[in-house]
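Colleague: I have a structure I would like to understand better, so I am pasting it below and will then ask my questions one at a time.
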Amino acid sequence: MIEAYIGLGSNLGDRLSNLASAVALLSREPAFALRKVSMAYESEPVGPPQPRYLNAVVRVGTFLSPRATLQRLQAIEEQMGRVRRERWGSREIDLDLLLYGDRLVEETGLRIPHPLLEGRAFALVPLAEIAPGAVHPASRLTAQELRDRLPPDQLRGVLPYRPIREPLPEPESDGNPPPADSMLDRTR
Numbered sequence: 024m025i026e027a028y029i030g031l032g033s034n035l036g037d038r039l040s041n042l043a044s045a046v047a048l049l050s051r052e053p054a055f056a057l058r059k060v061s062m063a064y065e066s067e068p069v070g071p072p073q074p075r076y077l078n079a080v081v082r083v084g085t086f087l088s089p090r091a092t093l094q095r096l097q098a099i100e101e102q103m104g105r106v107r108r109e110r111w112g113s114r115e116i117d118l119d120l121l122l123y124g125d126r127l128v129e130e131t132g133l134r135i136p137h138p139l140l141e142g143r144a145f146a147l148v149p150l151a152e153i154a155p156g157a158v159h160p161a162s163r164l165t166a167q168e169l170r171d172r173l174p175p176d177q178l179r180g181v182l183p184y185r186p187i188r189e190p191l192p193e194p195e196s197d198g199n200p201p202p203a204d205s206m207l208d209r210t211r
């Protein structure tokens, strides 16, 4: 099984709920074994003027190919109502394939590691939280080393927000409510 890292972002609607819903969908995806979830971090947007983002990173195990993994992520975005408006514009949810094991992939519409990962504090901070030793296959630097190389002003712009909690499921037919304190990341 390949360990893959997925970046999550949202700046429209209930941002934290959007991240939690994406994590819940990833956890129910038969092709993925959800391993770990970072906390949510708030950051300034990159691109046109827009609301602040919440970002997180999840680690999944998968037997899918890189292309099939990307297709599943895009299907989840569509299921959540993602509308592609403008490049780097506001979005309900964004799922980016950051790392896929130690693979380097250069295909039409797919580059792994994510081509902007090394310079993006909003992705490296949560990645280093859950996988400080994850190695970027091109630079051979760890997530923690990449994070620590960023300018301090970029790192200060990524603020811890709060843990991502599962959205409460619909009540079961027996009338018993689900536990309110269920955490997706049970490995912490």
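What the sequence shown shows, in our numbering, is residues 24 to 211, in sequence order.
The beta carbon of each residue, even a glycine, is placed where N, CA and C say it ideally should be.
Keep in mind that this is a model prediction, so the values were computed, not measured.
Taking 8 Å as the CB-CB cut-off, is PRO138 touching chain C?
Modeller: Annotation note: the requested chain C is absent from the structure, which comprises a single protein chain.
Colleague: Going straight from the alpha carbon of THR165 to that of LEU140, what length do you get?
Modeller: Taking the sequence shown and counting its residues from 1, one reaches residue 165 at position 142. Taking the sequence shown and counting its residues from 1, one reaches residue 140 at position 117. The alpha-carbon atoms of THR165 and LEU140 are separated by roughly 12 Å.
Colleague: State the DSSP-derived secondary structure class of PRO183, mapped to helix, strand or coil.
Modeller: Here residue 183 corresponds to residue number 160 of the sequence shown, with the count starting at 1. Strand, per DSSP.
Colleague: Determine the closest residue to GLU152 out of ARG105, LEU182 and GLU67, with distance taken between C-alpha atoms.
Modeller: On the sequence shown, position 129 is the one that residue 152 refers to. Of the listed residues, the one whose Cα sits closest to GLU152 is LEU182.
Colleague: Does the Cβ of LEU178 have 16 or more other Cβ atoms within 10 Å, making it buried, or fewer, making it exposed?
Modeller: One-based indexing of the sequence shown puts residue 178 at position 155. That one is exposed.
Colleague: For the region 86 to 100 against the region 58 to 72, are there 3 or more C-beta pairs whose distance is under 8 Å?
Modeller: In short, these stretches do not touch, since the Cβ pair count stays below three.
Colleague: Which of the three DSSP states, helix, strand or coil, is assigned to ILE116?
Modeller: Here the question's residue 116 lines up with position 93 in the sequence shown. Correct three-state label for ILE116: coil.
Colleague: Identify every residue that forms a DSSP beta bridge with LEU31.
Modeller: Counting from 1 along the sequence shown, the entry for residue 31 is found at position 8. BP columns for LEU31 point to ALA79 and LEU118.
Colleague: Just verifying my parser: in three-state terms, what is the DSSP assignment at VAL148?
Modeller: In the sequence shown, the residue the question calls residue 148 occupies position 125. In this structure, VAL148 counts as helix in the three-state DSSP scheme.
Colleague: One question on the structure: do PRO136 and LEU122 come within less than 8 Å of each other, judged by their Cβ atoms?
Modeller: As a first step, residue 136 must be located in the sequence shown, where it is residue number 113. As a first step, residue 122 must be located in the sequence shown, where it is residue number 99. In contact: PRO136 and LEU122 (Cβ atoms closer than 8 Å).
Colleague: On the criterion of 16 or more Cβ atoms from any shown chain inside 10 Å, does LEU127 qualify as buried, or is it exposed?
Modeller: The residue you call residue 127 lines up with position 104 of the sequence shown. With fewer than 16 other Cβ atoms within 10 Å, it is exposed.
Colleague: Residues in the same chain with beta-carbon distance under 8 Å from ALA144, minus the five sequence neighbours each way, listed in chain order, please.
Modeller: Position 121 of the sequence shown, counting from 1, holds the residue named residue 144. Contacts found: SER66, ARG170, LEU173, GLN177, LEU178, GLY180 and VAL181.
Colleague: ARG185 and ALA45 - do their beta-carbons sit closer together than 8 Å?
Modeller: What you label residue 45 is simply residue 22 of the sequence shown in a count that begins at 1. What you label residue 185 is simply residue 162 of the sequence shown in a count that begins at 1. Cβ distance not < 8 Å, so ALA45 and ARG185 don't count as in contact.
Colleague: To the nearest angstrom, how far is it from the Cα of MET103 to the Cα of GLU115?
Modeller: Numbered from its first residue, the sequence shown carries residue 103 at position 80. Numbered from its first residue, the sequence shown carries residue 115 at position 92. Their backbone Cα atoms lie some 8 Å apart in a straight line.
Colleague: In chain order, what residues of the same chain have a beta carbon less than 8 Å from the beta carbon of GLU193, not counting five sequence neighbours either side?
Modeller: Translated into the one-based positions of the sequence shown, residue 193 becomes position 170. Any reading at GLU193 is ruled out, since the residue's pLDDT is 43, under 50, leaving its predicted position unreliable.
Colleague: Smallest Cα separation from ASP119: which of MET24, ILE29 and ALA47?
Modeller: Here the question's residue 119 lines up with position 96 in the sequence shown. Of the candidates MET24, ILE29 and ALA47, the one whose C-alpha sits nearest the C-alpha of ASP119 is ILE29.
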